[in-house]
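Q:
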Amino acid sequence: MDTRDERRDEEVAADVQRGDADAFRALVDRYEQKMVRYARRFLFAGDEAKDLVQEVFIKAYVNIQSFDTDRRFSPWLYRIAHNEFVNALKKKKKERMNISIFDLDVLFPSLTLTARETADSGFNRHEMKKMLEGSLERIPEKYREPLVLYYFDDMDYKEIADVLRVPVSTVGVRLQRGKTMLRKLIPQ
Amino acid sequence: MNGPSEPMEYPQRPEGNTRDPGGRVLEAIKERDLRMRPRRYFVLRAVLVALGASLLFLILLYVASFVIYALHMDGLWFAPEYGLSGWMLFFSGLPWGLLLLSLAILLLLAVILRNYEFVYHQPLFYPLFAFVVLIAIGGFFLGTTALHPDLSHFAAQNAPMLENFYEYETAFPASVHRGVIISLGNGGFVIADGFGVTSSIVGGPVQGFQVGDVVLVFGTRRDDGMIRAFGVQRVGIATSTPVPTGTVQ
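Heads up: the protein sequence lines correspond to chains A and B, in order. Per our numbering, the very first residue in the first sequence carries number -17; after that it's consecutive. Per our numbering, the very first residue in the second sequence carries number 17; after that it's consecutive.
1. Between residue 149 (chain A) and chain B, is any beta-carbon pair separated by less than 7 Å?
2. Please confirm if residue 38 (chain B) has its CB atom under 7 Å from at least one CB of chain A.
3. For residue 61 (chain B), does the three-state DSSP call read helix, strand or coil?
4. DSSP on residue 208 (chain B), reduced to helix/strand/coil?
5. Name the residue from B:224, B:122 and B:78 whose alpha carbon lies nearest to the alpha carbon of residue 202 (chain B).
6. Helix, strand or coil for residue 256 (chain B), going by three-state DSSP, please let me know.
7. Report the three-state DSSP secondary structure of residue 191 (chain B) (helix, strand or coil).
8. Measuring CB to CB, does residue 47 (chain A) end up less than 7 Å from residue 55 (chain B)?
9. By how many angstroms is the C-alpha of residue 110 (chain A) removed from the C-alpha of residue 120 (chain A)?
10. Using a beta-carbon distance below 7 Å, is residue 52 (chain B) in contact with chain A?
11. So residue 229 (chain B) is in the beta strand (DSSP E); what residue range does that whole segment cover?
12. Which stretch, first to last residue, makes up the alpha helix (DSSP H) that contains residue 168 (chain B)?
13. Quick one: is residue 58 (chain A) buried, meaning 16 or more other Cβ sit within 10 Å of its Cβ, or exposed?
14. On the three-state DSSP scale, how would you describe residue -6 (chain A)?
15. Between B:152, B:241 and B:206, which has its C-alpha nearest residue 231 (chain B)'s C-alpha?
16. Residues in the same chain with beta-carbon distance under 6 Å from residue 92 (chain B), minus the five sequence neighbours each way, listed in chain order, please.
17. For residue 55 (chain A), would you say it is in contact with chain B, using Cβ-to-Cβ distances shorter than 7 Å as the test?
18. Are the Cβ atoms of residue -9 (chain A) and residue 90 (chain A) separated by less than 7 Å?
19. Report the three-state DSSP secondary structure of residue 249 (chain B) (helix, strand or coil).
20. In chain B, what lies closer than 7 Å to residue 26 (chain A) by C-beta?
21. Enumerated in chain order, which unbroken segments of the beta strand (DSSP E) with a length of 3 residues or greater are wholly contained in the stretch 20 to 51 of chain A?
22. Does the beta carbon of residue 42 (chain B) sit closer than 7 Å to a beta carbon anywhere in chain A?
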């Protein structure tokens, strides 16, 4: 019986780094579907999602030596996917996306939330997931991505912060703002 | 084995349908169309980023210390002591070009370091603020050492462009006058500059000064050639009193 699948992602990645190219199969098996779903929810891409996911795995393999095995593999792979998807969005829209490190919510996260936004959304996680399924497309990418990572990929704030390379408090601000937008979109 | 010690190449992209994206990638790895970059590539890249960031930091430190040095040299450093007029003179005389250049370098530094946890794990304002404080403190200390006088001296002999830069940035603004007090009178005094050209000073605090004091006078020159001062700062004592050679009319 193959026990490889029971090992942690980081251990598998370490094997790949040591030259065991076959070990990469385990990582592909674990993340392929997640990546395709992430691409579809973030980009609303059809077959293009698979092209992009292929590119993500290529970049992951080519750059695997830059992965620090003392850290979690999942945010590292999602970071590659984030870059790939954002670039795809930029090409698609042919316009500047509002995802800059000099955004106000990256500079001063706590100052940018209004009182209305900090109020509890009143929906539980399951309800939010259901509502998001139908309304994600109408939420701007900047807020859509943390919502996808939080509700569909079950990441915590710290992991999302590592994927987006923004402060943890900025993740909180974007999630809260995304939920507020969602609430406005759903008829009460 | 596809280990890091083997020669590596950047991958050929797998072609064909992407119905199974993972499968295509695995196939490409198996056929050795796809090869990982060696660890030394990432080590080298990290070293280059660190060197680039350090270089930008040093440039910022140099510019900040130069601004402090220039403000001391052209006397503007002391101007805010004399109220609103002093502050206005100070701000109008700041080397805004250098300050804007510093801001651009600071933002570039933030962009270069944005992928490091110590920068992105907190609101960007904090690392930016920390950089500014660090550079201001470092610049202040460097600006009061012999670094810039030595550089200026070196430039005068070896680097004409750098010499021009030092001369231009440290020149006295029109409202700052340096000289040695050669005589005192009621409500004013007379100073002589390095060439012996004299100017009469009226207004401002004239008590407490004596002949031989080297002073900076803040104020505009009137049509009659006299300077109406709103502030006078003693910056030293002359070793010899200059011989007057003429008067500004």
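Virtual Cβ for every residue (Gly too), placed ideally from N, Cα, C. No experiment lies behind these values; they were computed from the predicted model shown.
A: This is what the structure holds:
1. For the purposes of this step, residue 149 (chain A) is identified with residue 167 of the first sequence, where counting begins at 1. Cβ-Cβ to chain B under 7 Å: yes for residue 149 (chain A).
2. If you number the second sequence from 1, residue 38 (chain B) lands on position 22. Yes, its Cβ sits closer than 7 Å to a Cβ of chain A.
3. In the second sequence, counting from the first residue as 1, residue 61 (chain B) sits at position 45. Three-state result, residue 61 (chain B): helix.
4. Translated into the one-based positions of the second sequence, residue 208 (chain B) becomes position 192. DSSP places residue 208 (chain B) in strand when its eight states are reduced to three.
5. Here residue 202 (chain B) is taken as the residue at index 186 of the second sequence, counted from 1. If we check each option's Cα against that of residue 202 (chain B), B:224 comes out closest.
6. In the second sequence, counting from the first residue as 1, residue 256 (chain B) sits at position 240. Three-state result, residue 256 (chain B): coil.
7. Within the second sequence, the letter at position 175 stands for residue 191 (chain B). Residue state, collapsed to three classes: coil.
8. Residue 47 (chain A) sits at position 65 when you count from the first residue of the first sequence. Residue 55 (chain B) sits at position 39 when you count from the first residue of the second sequence. In contact: residue 47 (chain A) and residue 55 (chain B) (Cβ atoms closer than 7 Å).
9. For the purposes of this step, residue 120 (chain A) is taken as the residue at position 138 of the first sequence. For the purposes of this step, residue 110 (chain A) is taken as the residue at position 128 of the first sequence. Rounded to the nearest angstrom, the two C-alpha atoms are 15 Å apart.
10. Residue 52 (chain B) sits at position 36 when you count from the first residue of the second sequence. Output row for residue 52 (chain B): interface = yes.
11. Counting from one through the second sequence, the residue named residue 229 (chain B) turns up at place 213. Counting along the chain, the beta strand (DSSP E) containing residue 229 (chain B) begins and ends at 229 to 237.
12. For the purposes of this step, residue 168 (chain B) is identified with residue 152 of the second sequence, where counting begins at 1. That run of the alpha helix (DSSP H) goes 163 to 174.
13. In the first sequence, counting from the first residue as 1, residue 58 (chain A) sits at position 76. So residue 58 (chain A) ends up on the buried side.
14. As a working mapping, residue -6 (chain A) is identified with position 12 in the first sequence. Of the three classes helix, strand and coil, the one that applies to residue -6 (chain A) here is helix, per DSSP.
15. If you number the second sequence from 1, residue 231 (chain B) lands on position 215. Out of B:152, B:241 and B:206, B:206 has the C-alpha closest to the C-alpha of residue 231 (chain B).
16. As a first step, residue 92 (chain B) is located in the second sequence; it is residue number 76 there, counting from the start. Shown here for residue 92 (chain B): same chain residues with a beta carbon closer than 6 Å to its own, the five before and five after excluded, namely 106 and 109 in chain order.
17. The sequence position of residue 55 (chain A) within the first sequence is 73, counting from 1. Chain B contact via Cβ: absent.
18. Here residue -9 (chain A) corresponds to residue number 9 of the first sequence, with the count starting at 1. Here residue 90 (chain A) corresponds to residue number 108 of the first sequence, with the count starting at 1. No. Outside cutoff.
19. Position 233 of the second sequence holds residue 249 (chain B). Of the three classes helix, strand and coil, the one that applies to residue 249 (chain B) here is strand, per DSSP.
20. Within the first sequence, the letter at position 44 stands for residue 26 (chain A). Those do not exist, as residue 26 (chain A) stays about 17 Å from chain B at its closest Cβ, beyond 7 Å.
21. none
22. One-based indexing of the second sequence puts residue 42 (chain B) at position 26. Cβ-Cβ to chain A under 7 Å: yes for residue 42 (chain B).
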